[in-house]
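Notes follow once the structure below has been shown.
There are 2 protein chains.
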Amino acid sequence: MADKGAYAEGRPATIKDVAARAEVGIATVSRVFSGGSVSARTRERVRAAAEELDYRPSAVGRSLKTQRTGGIGLIVPDVTDPFYSDLMAGVLDCARSLGEHVVVDAAHGDPEREALIADRMMEQRVDGIVAVPMGGNEAWESVLRAGGNVVFADRESPAGGPAAPAVFTDDRAGVRSLVEYLVGLGHRRIAFLGAAGAGEAVGVREGAFRDTLAQRKVAIREDLMVVARPERDSAYAAAAGLLQGGADVSAVLASGHLLGEAAVLVARELDLRVPADVSIAMVGDVPWAELCDPPLTAVARPGHDVGYRACELLLRDRARRGRGGPVLVPTELLIRGSCGPPRGSRGR
Amino acid sequence: MADKGAYAEGRPATIKDVAARAEVGIATVSRVFSGGSVSARTRERVRAAAEELDYRPSAVGRSLKTQRTGGIGLIVPDVTDPFYSDLMAGVLDCARSLGEHVVVDAAHGDPEREALIADRMMEQRVDGIVAVPMGGNEAWESVLRAGGNVVFADRESPAGGPAAPAVFTDDRAGVRSLVEYLVGLGHRRIAFLGAAGAGEAVGVREGAFRDTLAQRKVAIREDLMVVARPERDSAYAAAAGLLQGGADVSAVLASGHLLGEAAVLVARELDLRVPADVSIAMVGDVPWAELCDPPLTAVARPGHDVGYRACELLLRDRARRGRGGPVLVPTELLIRGSCGPPRGSRGR
DNA sequence: CTGAAAGCGCTAACAT
DNA sequence: ATGTTAGCGCTTTCAG
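Residue numbers (the working numbering), protein chains in the order written: chain A, 141 to 488; chain B, 141 to 488.
In structure tokens form, the structure reads like this:
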């Protein structure tokens, strides 16, 4: 076989191998693959050589030269959570449309781990990071100082730090609409089932809950405000404590899908009929909400949109960032069958 | 301010900037960050300089030199599907423990898109790829030829091609145990609700279904073998067709969680009691299966394990790859409340 | 239109 | 222990 270049199988082909095989300079090969002007004849020769060698231009070589990797980082607490899955899908969709790839990692609610991941992504020289931050901003300040551009998703930028842009759902409005719906149904003894540790996000929901109740002149029952740790067991225990206590609760607003699940399970075990004995509603829609019997009324938080817009903000609107404050994505109240008038009300 | 090196803010600091500021050679800086021998005093000076500059060693520079990126690619059909979410979490866990990062993308069942993604990952020079392949092996052959190492997950290596190692769940055994359970309960008119287009995987399930029935001397009713397209609507229509036709079906085995969902919904709409009027079971466990009323009996397919082991196979056991054939991860039959003896049976 | 050469940030000899 | 230097694969002037 004619030896056009000493390329030997095993290691991926480089631009040099292709150049040698096509008997052109490496600059020409580069032009062929990054769109320079090359004569049709030469271009064909190069393509053929590349094909035979299974050549793929090395993104690392290119990145070193161009100082851009064409990749972004995505940090979520947990990839198996339906909301974050949706968010991830949104980021992926947007990134694809802008020709970037995505490095994903899960921090599992550990600020230290989150910082490590962010650091690593910075070393990777991603063009930007979309993060659902759990930690405070100490870690993120360092990233920001180093010139990293980051957009926070699903949470407001931690106060105090050099604010990064943020995209999140309008949970305040979501909870408000839900509470108003419940109050409108006649409920006065509404329990709030929240989770601790989720940072600011839950504070917002509880705040909106209290505010709306106050606005509607409904007394806030502190004994019906319970907060669980973010684990399944704790959620279950909290729900049990609430519902077992005697039928003083006419409705429960679960501030997350794990809490909602706990409420449904406990109600079923206690043989409480939903919504005849107790109404249940939750923040965060999930696939099983429709499969429940009865289907669960919920405030849908469009994770896909949040992810998409965060990515867009990161990549496309780099210029006008920070302007106009954080991006609020609207939620939607999905009224299904799990809420009704409280027992003993005059009905409708 | 004393001008230790002409570093100017804005662009990320390089090894040179740090070297200048610490007044050492660049090799020394490199040693500090990649574990060479450096005197404690010097090491400290370098650390300090790096800190002030927010220096992070560039992975792209390093990768170019070492020919390893320390990253792997993961290609799934859909990141929002619970099974693939689990699989992803498994890959992430394993990758983390081995110090690699993960580039994720979703192919959405489009072989062309899948090929594009794989190609891009090869350009990225990932150290390997874990893929849930939808396309045939044409695309993958090119990847393999170029020296890429790939492990298939959740599907057998496409026949004919240069086989890559594969890790998947033992669906054959899973379906068999489910069918045997159903037959043991007394069912003779069992419907199979499958989905087309999912490649080999579904074929295996249908095959196991038929084989087990034959083995147990139960006649296979071709009119009860229905196959839907992988969309929600089609699944729903198929389930409706099956259950409406008259109560000739005593149990339905849904070959996937979308199908199971459809079956549950249809049964509810038709006011069929589960399991009194009809038993329902499905392949693939999902969170909502426990929340159903009654909770759904299902064959759990451990996505996390599949992902973890695939990643391990890719990264750790590179040596003994191919030996011993594909890795089978066991499934588990989760008996819950959705299956009972058929109507009109003598009961227990 | 094409080739030669510099250099992106880093590591690994090799020299001191 | 530390500095010098030669590339890794690529893009991009700058000549021709």
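Note that the Cβ used here is the ideal one computed from N, Cα and C, for glycine as well.
Nearest-angstrom Cα distance between V467 of chain B and V366 of chain B? So the alpha carbons of these two residues sit roughly 30 Å apart.
C-alpha distance - H241 of chain A paired with V272 of chain A, whole-angstrom precision: Cα to Cα, the separation comes out at about 18 Å.
Is it buried or exposed for T471 of chain A, if we count other Cβ within 10 angstroms and need 16 for buried? Flag for T471 of chain A reads buried.
What would DSSP say about E263 of chain A, mapped onto helix, strand or coil? Reduced to three states, the DSSP call for E263 of chain A is helix.
Are the C-beta of H327 of chain A and some C-beta of chain B separated by less than 9 Å? It does not: the Cβ of H327 of chain A has no partner Cβ on chain B nearer than 9 Å.
Helix, strand or coil for T209 of chain B, going by three-state DSSP, please let me know. DSSP places T209 of chain B outside both helix and strand once states are collapsed to three, so it counts as coil.
Taking buried to mean at least 16 other C-beta atoms within 10 Å of its own C-beta, is E401 of chain B buried or exposed? Around the C-beta of E401 of chain B, 16 or more other C-beta atoms lie within 10 Å, and the residue is accordingly described as buried.
Assuming contact is defined by CB atoms lying nearer than 9 Å, are D267 of chain B and L393 of chain B in contact in what I supplied? By the CB criterion at 9 Å, D267 of chain B and L393 of chain B fall outside the cutoff.
Grouping DSSP H, G and I as helix and E and B as strand, with all else coil, what is G130 of chain A? Coverage of chain A is limited to positions 141 through 488, which leaves residue 130 of chain A absent and any answer about it impossible.
Within the 9 Å Cβ cut-off, does A159 of chain A reach chain B? Chain B, which has no Cβ nearer than 9 Å to the Cβ of A159 of chain A, makes this no.
Taking DSSP's pairing of strands, which residues face H241 of chain B in a bridge? Residue pairing of H241 of chain B in beta bridges, as defined by DSSP: B:G211.
Please list the partners that L232 of chain B has in chain A, where partner means a Cβ-to-Cβ separation under 9 Å. Those within 9 Å of L232 of chain B in chain A are V219, V244, D245, A246.
For D388 of chain B, is the classification buried or exposed, using 16 other Cβ atoms within 10 angstroms of its Cβ as the cut-off for buried? Exposed is the call here.
At a CB-CB cut-off below 8 Å, which residues of chain A make contact with L431 of chain B? Within 8 Å Cβ-Cβ: E401, V404, L405, W428, L431, C432.
Could you name the residues of the same chain whose beta carbon sits closer than 6 Å to that of S478 of chain B, not counting the 5 residues immediately before and after it, in chain order? If we look at S478 of chain B and ignore the five residues flanking it on each side, its Cβ neighbours are V414, P415, I420, P434, L436, T437.
Which of the three DSSP states is assigned to E472 of chain B in this structure? Looking at E472 of chain B - three-state DSSP - the assignment turns out to be strand.
Secondary structure at I257 of chain B, three-state DSSP: helix, strand or coil? Three-state DSSP puts I257 of chain B in a helix.
Comparing alpha-carbon positions, which option in A:A286, A:E281, A:G249 lies nearest A153 of chain B? The alpha carbon of A153 of chain B has as its nearest neighbour, out of A:A286, A:E281, A:G249, the alpha carbon of A:A286.
Below 7 Å on C-beta distance, what does M262 of chain A contact in chain B? The contacting residues are R196.
Identify whether M141 of chain A lies in helix, strand or coil by the three-state DSSP scheme. Any reading at M141 of chain A must be qualified, since the residue scores a pLDDT of 41, below 50, and its modelled position is unreliable; no value is offered.
Could you name the residues of the stretch 276-301 of chain A whose beta carbon sits closer than 7 Å to any beta carbon of chain B, in the order they occur along the chain? Residues S282, R285, A286, G287.
Cβ contact check for the stretch 441-456 of chain B and the stretch 217-231 of chain B: 3 or more pairs under 8 Å: Short answer: they touch.
Closest Cβ-Cβ distance between V172 of chain A and chain B: below 9 Å? So, not an interface residue.
Is there at least one Cβ from chain A nearer than 9 Å to R274 of chain B's Cβ? For clarity, residue 274 of chain B is Met in the given sequence; the question names Arg instead. Not one chain A Cβ lies under 9 Å of M274 of chain B.
So, using beta-carbon positions, are L364 of chain A and A293 of chain A closer together than 9 Å? Taking 9 Å as the cut-off, the Cβ atoms of L364 of chain A and A293 of chain A do not count as close.
Limits of the alpha helix (DSSP H) - the one that A407 of chain A falls within: Per DSSP, the unbroken alpha helix (DSSP H) holding A407 of chain A starts and ends at 397-409.
State yes or no: is the beta carbon of A450 of chain A nearer than 9 Å to at least one beta carbon in chain B? No, A450 of chain A does not count as interfacial toward chain B.
If the cut is a Cβ gap below 8 Å, which residues of chain A does R408 of chain B touch? Contacts between R408 of chain B and chain A, judged by CB atoms closer than 8 Å, involve D433 in chain order.
Have a look at I212 of chain B and A429 of chain A and give me their C-alpha separation to the nearest angstrom. The alpha-carbon of I212 of chain B is positioned some 35 Å away from that of A429 of chain A.
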